[in-house]
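If you use the working numbering, the sequence shown closes out at 193, no skipped numbers anywhere. Think of the CB as a built atom: it goes at the ideal place given N, C-alpha and C, for glycine as much as any other residue. First the structure, in the form of structure tokens, and then the observations on it.
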Amino acid sequence: FKVGLDFQHSRFDGDHYSQQLDVVRLDGSLAERTTYAPSLTHPEVGGTEVAVFAQDRWRVNDRLSFELGIRADRDDVVERVNYSPRVGMAVSLLPEGRGILRGGFGKFAERTPLTVGAFTQYDVQTVTRFAADGMRLGAPVTLTHVIDGALKTPESIVQTVAWDQRFGRRFFFKSAYLHRNGSHAYTINPDPG
């Protein structure tokens, strides 16, 4: 039986400086101008993450064993506790442990990057497009950093199966398959509106 505690404090901070960006045509005329306001930002976010876990292994007999575990992680960026159960099994199909079939299933909570917590602290971009004669093409487009809905911790459901085969004392063969299905990954999607 195992129990444990993880403790981690992380911090992301710095200065983010942006300058006006001009795109010019081959003839030298201005095609597009991007400005940033404010030009200097100080994104800053920190977090203390705590996790506890427990795991146990049951040996039914010389050929069959099971593992069961659970982990609870506090994600400071999204301010929630995530629970991650895991289960595994190993069965010896050949005598003297020469061939072992292993399998497992688990839910894994990933750490939310601190840059996600700092996302709304960056500058606002304004893009203006110009015709070849210098006239503005439509209204400027302003792009702000917003989060659409509540943040969720990225997580994965993982299933594994493996075959361990021993040939004598010097040769060992392992074949494994892992399937991972992730959800709540963070992506940046510009709003066309």
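### Task
With a 10 Å radius around its C-beta and 16 neighbouring C-beta atoms as the bar for buried, classify residue 136 as buried or exposed.
Counting other Cβ atoms within 10 Å of its Cβ, residue 136 stays below 16 and is therefore classed as exposed.
### Task
Compute the distance between the beta-carbons of residue 9 and residue 122, then report whether it is under 8 angstroms.
For residue 9 and residue 122, no; Cβs fall outside 8 angstroms.
### Task
Please check the pair residue 99 and residue 88, which I expect to be a contact at CB under 8 angstroms, by giving their CB distance rounded to whole angstroms.
For a cut-off of 8 angstroms, the C-beta gap from residue 99 to residue 88 is around 17 angstroms, too long to register as a contact.
### Message
Using CA atoms only, rank isn't needed, just tell me which of 160, 148, 95, 108 is closest to residue 166.
### Response
If we check each option's Cα against that of residue 166, 95 comes out closest.
### Query
Roughly how many angstroms lie between the CA atoms of residue 69 and residue 159, to the nearest whole one?
C-alpha separation (whole angstroms): 15 angstroms.
### Query
Of the residues 107, 134, 125, 127, which one's Cα is nearest the Cα of residue 156?
Answer by Cα proximity: 107.
### Query
Is the Cβ-Cβ distance between residue 33 and residue 144 less than 8 angstroms?
Cβ distance not < 8 angstroms, so residue 33 and residue 144 don't count as in contact.
### Check whether residue 58 and residue 101 have beta carbons under 8 angstroms apart
It is not a contact, given that the beta carbons lie outside the stated cut-off.
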